[in-house]
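Notes to accompany the following structure.
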Amino acid sequence: MAALLWLIPALPFAGALLLVLFGSRLPRALVTAIGVGSVGISAAITLLLGFEYLSERPAFYHQELWNWFSVAGFSPSVAFHLDALSMVFIFVITFVGFLIHVYSTEYMADDPDYTRFFACMNLFVGSMLVLVLADNLLLLYLGWEGVGLCSYLLIGFWYKEPANGYAARKAFLITRVGDTAMAIGLFMLFQTFGTLHIQSISTEAVQVWDAGAKMAVIVAFLLLGGAVGKSGQLPLQTWLPDAMAGPTPVSALIHAATMVTAGVYLIARMHVLFELAPAAQMAVAVIGAVTLLLAGCAALTQYDLKRVLAYSTISQIGYMFLALGVGAWSAAVFHFMIHGFFKALLFLCAGAIILALHHEQDMRRMGGLQKKLPVVFWTFLIGAASLAAVPLVSAGFYSKDQILWLQLAGENGNVWLYLAGLLGAFITSIYTFRMVFITFYGESKTHVGHQPTLAIRVPLIVLAVLSLAGGFIELPHNFGHVVLFSDFLSPILPAVSVVPDFSRYEWMLQLLAAVVSLSGIFIAYLIYLKKPDLRASLHRSDLAMAVHRFWHSGWGFDKLYDMLLVHPYVFLAKVNKQDVVDSFYTFVARLTESFHLLFTRSQSGLLRNYVMGIVVGAIMILTITILL
Amino acid sequence: MILLWLIVLLLAGGLLAWIAQRWHTASPRWIALFTVLTALLLTLMLWFNTGASPTGSAWLLQLELPWIPQWGVGFSLALDGLSLLMLSLTFFLGLLAVLISWREIQSKVGFFHFNLLWVLAGIAGVFLAMDLFLFYFFWEVMLIPMYFLIGIWGHENRRYAAYKFFIFTQASGLLMLLAILGLYFIHGNQTGTFTFNYFELLNTTLAPAAARFLMFGFLAAFLVKLPVVPFHSWLPDAHSQAPTAGSVILAGLLLKTGAYGLLRFVLPLFPTATVEFAPWAMLLGVIGIIYGAILAFSQTDLKRLVAYTSVSHMGFVILGVFAFNEWALQGVVMQMITHGLSTGALFILAGFLYERLHTRDIRQMGGFWATAPKMAVVALVFVMASLGLPGLGNFIAEFLTLVGAWQANNWLTVFATIGLVMATAYSLRIMQKIFLEKNLEQTVLPDMNVREMLIAAPMLVLILWLGLYPQPVLDLAKPAIEAQLQAYNKPSVPQEVEPVSQTALYLPAADSVYFQNLKGAFYERK
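So the protein sequences, as listed, match chains W and Y.
Residue 342 in the working numbering sits at position 342 of the first sequence; the count goes up by one each step and never skips.
Counting from 1 along the second sequence, just add 628 to a position and that's the residue number in the working numbering.
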């Protein structure tokens, strides 16, 4: 079975290639079969491989396809490395990816560019799989840039609208800034280790570098740069809200469940490096904490349903970074998986709503959908409960609680990080249920057109089940104590060292988290459903509205970057369009030309002038000779 | 001998094409196609037959014929992996150049193909010549037909562009000629044999000051050709005014002769002087990368835009050449090939668009994906190649160059890497302005036809192949690169320099062997 590993990324690639080459000539049913089928078979192989992996429990499967190139000892291969960490990722990518592909067959049914959509989606899934299966950082980089390309293509999928193209380019450019940092990190790693093979680097790094070595810190920061760019964390988060310009299944797959968590994967994969660089690891936690708060506040003020979810994604990835920053590697990966389920679910529900309301995305024009779209309502509610970490029943509670708990219990954590996480949880449950109440309750404002059929309903229900039940594979010590997930990852990702004797406080903290979550929901209920006056009074306050506008604009980052970077660059380019260097050569040419004009005048054909010239010249030469 | 036949074939094919126009207007096209195809097949045959040299020498084939023995000029050609790669690229792009001119060129068809084939002959000669006199000769042979190609079949401002191109390359070429002569006399003085032979001149011992001067002479020609900022300003004009075939040959091949010259002549001839100059050269490279990228971003003329991306990409070449290690040099060789393909493809696309729209102004384009999806996909691939997307050949080139450059100079490499972000900005702009957004003028752009697909398909396959499995190319280039680097891998022993060498340039002194001989001859005659 392990020999089939290569098929997992190869099938989506093959699907994309077929669709690009012959797509325009194929009937739609065949396009669907290729587009959905390729990912479906990949998912099936992943499941089979997963069962085999669980029963055999090898350290990893390794498969080398070919030697990419080999220059003076630098010899990366196109080779795949499947261990528990990549197992979790490929499971989410292929399985959630498959559900989203199924969903897309209905969502995109009326689009004239149906084939192009599936070609890009398949290409994305293939690249993402390469990213998480690569056994060396260069191949990882290939997947990394590949998903960036697909993200660009899919954000700008409806290319006729210039704003979509702008969002797409913005996403590509900003993530490329991070990628550049990462590339420099790769140069340094290669210089030190002579290879980019991940396992070799992980084993050798401990011997070559002491904890806190300068090189290790720099490299870790550079890799963090790449992670921050891809995962939409501060300070490179500004592209993600705009990325919602793409079709909703794209947002679900790329900008919620998979690609944006590539940064989390990278840090978890290179955790040895980050352990050697405490400063960088602390930075990961701080970035996570700050991002989750800023993005949470921004989410509170958005009216576009998808933008709320986008900011929510940034914020939730902030939680993952928070976990990574304190060394709670498996908690981060656990939250990645659960988040993948519920966020994909929420996006798909949002898509169903948008489709039903004739591409209306503004929540102010929704309302009363509870009765009209019951399946969507219930599944959205489940997703929202998971996002808001409603205690006991939702998977999000268990994954988020673990992260919060380890902020205090873990040795690297501290109380500030914990408080940031807790405050973030409070904000999260407010904005989540703000969405629920505005969208599904109150009076109906827009006519409901399209009722979701099977292709939309089934993915929603499957993801809803996972968003509820997914949490039960990892339960806290004092509550069932199931550690299936962290056990599974333990060969790859070391456990957090916990402060001794701290666990007696665990139930108190859990209670606190539960109270915070529920009170957030209650506040949302008060403001957005029960007491509209409260909301009206908020709207009357100038200060509140100023804050609202500031948060709505995503804390003004876009403006800041435009002012500091974009405008100066564009200005510089515009000013120098004619190339100032060329003016020097033009000047030389002009000078020659004017001399030419000057001397042609002397060629008058008048003999006396020539004689005069000869005489003057002779006198000058004589004078010079005598003087010298 | 086959090396000689390759060049003779092109020269003869060119003449024949010119003459054949009298019989039939289409015949020059077929003659040119047949000639270049034969040359390409011969080169590929060489590739598959020679393989690795059994003796361990980098040289696969050598040819030595006397030419002007009195001056020590020989007709000496030699082929190693590097030349073989460059020849393959030359004939491949040459073939495409013939194909894309099929429709575009309608006037003076015979003379056009004469010039086209003679440029190719000159380029092939440059890649093969192992005699500096002969090298200079071919350097000129490729210049003059190119001048005609731009000046006769170019766009609206062709005269200006052709003059500019000619003056820049000619002036810098003359400096190289001076340096060649200087080297010739110094070597002659030292050894008593006056020769232009490359292999003999490699053993010349040079005083540091003399080496510096001679190196600058060679650099002048190569840096202008490459081009390096601030000597680049001929390029945007020449590239944008030339007919499509001319642009492809300029960007794909002529620029590469500069890079080739650096590798073949500057590195091995002046090992100490280049090491001194290396940080400055790398700085020039980085400036080129960034400056070219900024200028590319602001252009509205599609061909001018692509021309400036060439300036930016060629910055990587000089950055890598002066890093003096195998990673960087392999990166440079890859860059020469992949840039030839990707930029060539972008110029070809610009040609396709011009044929349909009669404009190169991207402000008048937009939304063409809807009616020309095939062209859009092809453009997407090459735009991605130009921004260095992994999986395509240019990535391997740039990554290897940067890895190598990093070993030599950290900060400059950081700035060069930032150039990749800028490359993203201008590359995406190409896609955006031409194929995305709204179709403002409601132009219905016909998609690529079969002939055009036949041109694009091999380029697509090659750029993907080079991105996923570049090893055959790297293997072929390896011995040649190691040979160029020999002088740098030796433990650095300070070279023995004659103490008398205070003058900047070794000119034949009055008592030198050369003058003694001359004097002897003179008195005998008296």
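Note that beta-carbon positions come from the ideal geometry of N, C-alpha and C, so glycine has one too.
From a predicted model like this one, the values you see are computed outputs, not experimental measurements.
Does residue i have its Cβ less than 7 Å from a Cβ in chain W?
i, result
"T1071 of chain Y", "no"
"K1147 of chain Y", "With a pLDDT of 48 at K1147 of chain Y, under the threshold of 50, the predicted position of this residue should be treated as unreliable, though the coordinate-derived value follows. No - not a single Cβ of chain W is within 7 Å of the one on K1147 of chain Y."
"F925 of chain Y", "yes"
"L889 of chain Y", "The sequence given here has Gly at residue 889 of chain Y, not Leu. Output row for G889 of chain Y: interface = no."
"W908 of chain Y", "no"
"G1019 of chain Y", "yes"
"K853 of chain Y", "no"
"V769 of chain Y", "no"
"W633 of chain Y", "no"
"K736 of chain Y", "no"
"L643 of chain Y", "no"
"V1049 of chain Y", "yes"
"L1114 of chain Y", "Leu is not the amino acid found at residue 1114 of chain Y; the sequence shown has Gln there. So no, Q1114 of chain Y is outside the interface."
"T1045 of chain Y", "yes"
"E1110 of chain Y", "no"
"K1061 of chain Y", "no"
"Q649 of chain Y", "no"
"L863 of chain Y", "no"
Under 7 Å, Cβ to Cβ, is there at least one residue of chain Y near residue i?
i, result
"L173 of chain W", "yes"
"Y141 of chain W", "yes"
"L7 of chain W", "no"
"P162 of chain W", "yes"
"G480 of chain W", "no"
"Y398 of chain W", "no"
"K214 of chain W", "no"
"G165 of chain W", "yes"
Taking the continuous beta strand (DSSP E) assigned at residue i, which residues delimit it?
i, result
"I696 of chain Y", "W687 to I696"
"E64 of chain W", "Y61 to N67"
"G702 of chain Y", "V701 to D708"
Less than 8 Å between the CB atoms is what I'm expecting for residue i and residue j, so what's the real figure, rounded?
i, j, result
"V852 of chain Y", "S800 of chain Y", "4 Å"
"F336 of chain W", "T428 of chain W", "The Cβ separation is near 16 Å, so there is no contact."
"V1011 of chain Y", "S1055 of chain Y", "5 Å"
"S729 of chain Y", "A873 of chain Y", "5 Å"
"M770 of chain Y", "L631 of chain Y", "At roughly 17 Å, the Cβ-Cβ gap does not stay under 8 Å, so M770 of chain Y and L631 of chain Y are not in contact."
"L276 of chain W", "A323 of chain W", "Contact flag wrong, Cβ pair sits at about 19 Å."
Can you name the start and end residues of the alpha helix (DSSP H) that residue i belongs to?
i, result
"A220 of chain W", "K214 to K230"
"S86 of chain W", "A84 to F91"
"K853 of chain Y", "P836 to K853"
"Y528 of chain W", "Run containing Y528 of chain W: none; DSSP gives neither H nor E here."
"L811 of chain Y", "R786 to T819"
"N164 of chain W", "P162 to F193"
"A211 of chain W", "Per DSSP, A211 of chain W belongs to no alpha helix (DSSP H) and is neither H nor E."
Considering only DSSP beta bridges, list what residue i is partnered with.
i, result
"H81 of chain W", "W:H62"
"G410 of chain W", "W:V498"
"G825 of chain Y", "Looking at the sequence provided, one finds Asn at residue 825 of chain Y rather than Gly. For N825 of chain Y, which the question treats as bridged, DSSP gives the partners Y:D759."
"A134 of chain W", "W:F80"
"F859 of chain Y", "F859 of chain Y is not bridged to any residue."
"F74 of chain W", "W:V71"
"V483 of chain W", "W:E474"
"D929 of chain Y", "Y:D989"
If contact is defined by three or more beta carbon pairs under 8 Å, each pair taking one atom from either stretch, is the region 288-306 of chain W in contact with the region 122-136 of chain W? At 8 Å Cβ cutoff, the stretches do not touch.
How do the region 900-909 of chain Y and the region 839-849 of chain Y stand: do at least 3 beta-carbon pairs fall below 8 Å, yes or no? Result yes; three or more Cβ-Cβ pairs closer than 8 Å.
Does the region 1036-1048 of chain Y come into contact with the region 60-74 of chain W, if we say contact requires no fewer than three beta-carbon pairs (one atom in each stretch) closer than 8 Å? Contact fails: fewer than three Cβ-Cβ distances are below 8 Å.
If contact is defined by three or more beta carbon pairs under 8 Å, each pair taking one atom from either stretch, is the region 954-963 of chain Y in contact with the region 911-925 of chain Y? In short, these stretches do not touch, since the Cβ pair count stays below three.
Can you find at least 3 beta carbon pairs, one from the region 1103-1112 of chain Y and one from the region 982-989 of chain Y, that sit closer than 8 Å? With a cut-off of 8 Å on Cβ pairs, the region 1103-1112 of chain Y is not in contact with the region 982-989 of chain Y, counting fewer than three such pairs.
Within the chosen definition, does the region 995-1015 of chain Y reach the region 1058-1076 of chain Y through at least 3 CB pairs nearer than 8 Å? By the criterion of at least three beta-carbon pairs nearer than 8 Å, the region 995-1015 of chain Y is in contact with the region 1058-1076 of chain Y.
Between the region 177-187 of chain W and the region 239-252 of chain W, are three or more C-beta pairs nearer than 8 Å? Three or more beta-carbon pairs separated by less than 8 Å are not found between the region 177-187 of chain W and the region 239-252 of chain W, which leaves the two stretches without contact.
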